[in-house]
Amino acid sequence: MPPNFQPSITLEYYAIRNAVSVFDTTPLFKYRIRGRDAQHLLERVFVRDIRSCPVGRAQYTVWCDPAGFVLQDGVVQHVDDDEYWLTSAEPTLRHLRQTAREVGLGAVDVEDVSFDFGILALQGPHAHDVLARLTDAAGHLSYFDCTRATLADRSVLLSRTGYTGDLGYEVWVRTEDALDVWDAIWEAGQDFNITPIGNTALKMARVEAGLLLMGADFHSARFAWVDAQRETPAELGWSWMLRRLDDDDRPFVGREAIEHERRERTSRWTTMGLAVDPHAYDELYTSAGLVPPLHEVYSEGTMSVYHRSGEPWDYAGYVSSFLTSSLLKRPIGIAKLPPELAAEGTEVDLEVQVVRRPETVLARVERMPFYDPPRKTARVTTPAATTTGPST
Numbered sequence: 083m084p085p086n087f088q089p090s091i092t093l094e095y096y097a098i099r100n101a102v103s104v105f106d107t108t109p110l111f112k113y114r115i116r117g118r119d120a121q122h123l124l125e126r127v128f129v130r131d132i133r134s135c136p137v138g139r140a141q142y143t144v145w146c147d148p149a150g151f152v153l154q155d156g157v158v159q160h161v162d163d164d165e166y167w168l169t170s171a172e173p174t175l176r177h178l179r180q181t182a183r184e185v186g187l188g189a190v191d192v193e194d195v196s197f198d199f200g201i202l203a204l205q206g207p208h209a210h211d212v213l214a215r216l217t218d219a220a221g222h223l224s225y226f227d228c229t230r231a232t233l234a235d236r237s238v239l240l241s242r243t244g245y246t247g248d249l250g251y252e253v254w255v256r257t258e259d260a261l262d263v264w265d266a267i268w269e270a271g272q273d274f275n276i277t278p279i280g281n282t283a284l285k286m287a288r289v290e291a292g293l294l295l296m297g298a299d300f301h302s303a304r305f306a307w308v309d310a311q312r313e314t315p316a317e318l319g320w321s322w323m324l325r326r327l328d329d330d331d332r333p334f335v336g337r338e339a340i341e342h343e344r345r346e347r348t349s350r351w352t353t354m355g356l357a358v359d360p361h362a363y364d365e366l367y368t369s370a371g372l373v374p375p376l377h378e379v380y381s382e383g384t385m386s387v388y389h390r391s392g393e394p395w396d397y398a399g400y401v402s403s404f405l406t407s408s409l410l411k412r413p414i415g416i417a418k419l420p421p422e423l424a425a426e427g428t429e430v431d432l433e434v435q436v437v438r439r440p441e442t443v444l445a446r447v448e449r450m451p452f453y454d455p456p457r458k459t460a461r462v463t464t465p466a467a468t469t470t471g472p473s474t
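Here the sequence shown is numbered in my numbering, starting from 83 and rising by one per residue.
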């Protein structure tokens, strides 16, 4: 997965926001879960209730260890009766099969199909226009719908999903058909400035969308040495997945620990957005005789956050992903803050490096997403097949 294809990462980023980008999501691990007990298995594995995901729908979800710490997140698609397709960033085959054995579910088959399928993600305001030249199926999809379709005379699974916080679709295609489908999409997108993008532009867009990245904003509990390296769904801002937990009787893995955390209010962190004051940011660098770094600044790692009241350099939390957003005209980040500092508008100090020297700059807590265009979830209409897009 290359960081970029074009000399300019900004060009790739604005293909997402202004035209249409295409990203190869194939390196994700892919699983097909089938059989009479498929739903029962996923009821036990996933924190989010799979019963609320009927055929033709996809669902963003997470799964935990028995201590309630997050193992992974992923998107599951309910493609047919008793059949689900799942993506994950790390291998999860053993976990799925082991859980099935532990709870005595024999009528389910969990298959690793990672090498059997490719996945292409079309993201941007003209993503639908491109697909509409190849299939009528895209026009019928609402946000997080999925359907089987035919594209370039090849069978595909099409979903209205993505990792950019914009209008987008993902296409599952069998490996032997992948190049034909790529060529058809590429040709159909020529009137819409279709642009292949790499990892960096995608990650810049996902920070604006407030989407967490495993390996940056959290780590799998499976690979952690101590609990300080692990996090719960609530600590990662996913409490919305548990809104109906009191009416949900599933004994999913980690449930007891999650209920204890909710009851006793033991969450250590709250994941929130952090917006740096742009004037304070500029002044910090200009006072040192420097031009403020604003162009294509994206980083993953620990940037410490401090209390503004009390003693100087009083540690409070940290930013795990940081971006100077050219679209929003300000630096933003995904932050882990103690619950008492997580209210919107709370002022904190963020540590940055100026000429190899740690300095602090004013930042304010915000809810995510930072950028949430209506087109992401709005119903789209299918244009005529002869419709053309912008040529420049």
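Ideal Cβ positions, reconstructed from N, Cα and C, are used throughout, including at glycine.
Bounding residues of the beta strand (DSSP E) (the contiguous stretch that carries residue i)
{"i": "residue 145", "result": "139-146"}
{"i": "residue 180", "result": "Residue 180 -> not in any beta strand (DSSP E); alpha helix (DSSP H) instead, spanning 175-184."}
{"i": "residue 436", "result": "429-436"}
{"i": "residue 102", "result": "102-106"}
{"i": "residue 210", "result": "From DSSP, residue 210 is part of no beta strand (DSSP E) but of the alpha helix (DSSP H) over 209-214."}
{"i": "residue 278", "result": "276-278"}
{"i": "residue 439", "result": "439-448"}
{"i": "residue 405", "result": "397-407"}
Supposed close pair residue i, residue j - CB separation, criterion 8 Å
{"i": "residue 271", "j": "residue 203", "result": "Not quite, the Cβ-Cβ distance comes to about 13 Å (not below 8 Å), so this is no contact."}
{"i": "residue 296", "j": "residue 144", "result": "Actually they are not in contact, since the Cβ atoms of residue 296 and residue 144 sit about 10 Å apart, beyond 8 Å."}
{"i": "residue 312", "j": "residue 227", "result": "That pair is no contact at about 33 Å."}
{"i": "residue 92", "j": "residue 378", "result": "6 Å"}
{"i": "residue 194", "j": "residue 113", "result": "6 Å"}
{"i": "residue 198", "j": "residue 256", "result": "7 Å"}
{"i": "residue 375", "j": "residue 364", "result": "Going by Cβ atoms, the distance from residue 375 to residue 364 rounds to 10 Å, so no, they are not a contact pair."}
Residue i and residue j closer than 9 Å at C-beta
{"i": "residue 221", "j": "residue 208", "result": "no"}
{"i": "residue 235", "j": "residue 218", "result": "no"}
{"i": "residue 418", "j": "residue 402", "result": "yes"}
{"i": "residue 94", "j": "residue 282", "result": "yes"}
{"i": "residue 106", "j": "residue 200", "result": "yes"}
{"i": "residue 358", "j": "residue 414", "result": "yes"}
{"i": "residue 366", "j": "residue 436", "result": "yes"}
{"i": "residue 150", "j": "residue 346", "result": "no"}
{"i": "residue 252", "j": "residue 240", "result": "yes"}
{"i": "residue 441", "j": "residue 426", "result": "no"}
{"i": "residue 166", "j": "residue 285", "result": "no"}
{"i": "residue 152", "j": "residue 168", "result": "no"}
{"i": "residue 37", "j": "residue 146", "result": "Residue 37 falls outside the range modelled here, since the chain spans only 83 to 474, and no answer is possible."}
{"i": "residue 330", "j": "residue 458", "result": "no"}
{"i": "residue 356", "j": "residue 390", "result": "no"}
{"i": "residue 134", "j": "residue 155", "result": "no"}
{"i": "residue 174", "j": "residue 335", "result": "no"}
{"i": "residue 410", "j": "residue 452", "result": "yes"}
{"i": "residue 196", "j": "residue 111", "result": "yes"}
{"i": "residue 398", "j": "residue 421", "result": "no"}
{"i": "residue 132", "j": "residue 160", "result": "yes"}
{"i": "residue 360", "j": "residue 325", "result": "no"}
{"i": "residue 287", "j": "residue 246", "result": "yes"}
{"i": "residue 126", "j": "residue 439", "result": "no"}
{"i": "residue 224", "j": "residue 461", "result": "yes"}
{"i": "residue 129", "j": "residue 315", "result": "yes"}
{"i": "residue 121", "j": "residue 164", "result": "yes"}
Limits of the alpha helix (DSSP H) - the one that residue i falls within
{"i": "residue 413", "result": "Unbroken run through residue 413 is the beta strand (DSSP E), 412-419; no alpha helix (DSSP H)."}
{"i": "residue 458", "result": "It is not in any alpha helix (DSSP H) - residue 458 carries neither H nor E in the DSSP assignment."}
{"i": "residue 283", "result": "281-290"}
{"i": "residue 360", "result": "360-368"}
{"i": "residue 88", "result": "Element bounds for residue 88: n/a, residue is neither H nor E."}
{"i": "residue 389", "result": "Segment 380-389 is the beta strand (DSSP E) holding residue 389; no alpha helix (DSSP H) there."}
{"i": "residue 318", "result": "Unbroken run through residue 318: none, as it is neither H nor E."}
{"i": "residue 263", "result": "260-270"}
{"i": "residue 123", "result": "120-127"}
{"i": "residue 342", "result": "337-346"}
Beta-ladder partner(s) of residue i, from DSSP
{"i": "residue 200", "result": "255"}
{"i": "residue 228", "result": "241"}
{"i": "residue 323", "result": "Residue 323 is not bridged to any residue."}
{"i": "residue 194", "result": "113"}
{"i": "residue 159", "result": "140, 167"}
{"i": "residue 154", "result": "145"}
{"i": "residue 300", "result": "296"}
{"i": "residue 311", "result": "None, per the DSSP bridge assignment."}
{"i": "residue 220", "result": "In the DSSP output, where bridge partners are listed per residue, residue 220 has none listed."}
{"i": "residue 236", "result": "233"}
{"i": "residue 355", "result": "416, 448"}
**Request:** Could you tell me whether the region 352-361 touches the region 310-330, where touching means 3 or more Cβ pairs closer than 8 Å?
**Result:** yes
**Message:** Using 8 Å as the cut-off, can you tell me whether the region 181-197 makes contact with the region 100-119, which would need three or more C-beta pairs spanning the two stretches below that distance?
**Reply:** yes
**Message:** Contact between the region 378-392 and the region 427-437 is defined here as three or more beta-carbon pairs at a separation below 8 Å; is this criterion met?
**Reply:** yes
**Asked** With contact counted as at least three CB pairs below 8 Å, one residue from each stretch, are the region 301-313 and the region 276-292 in contact?
**Response** no
**Prompt:** Does the pairing of the region 267-283 with the region 98-114 give three or more beta-carbon distances under 8 Å?
**Reply:** yes
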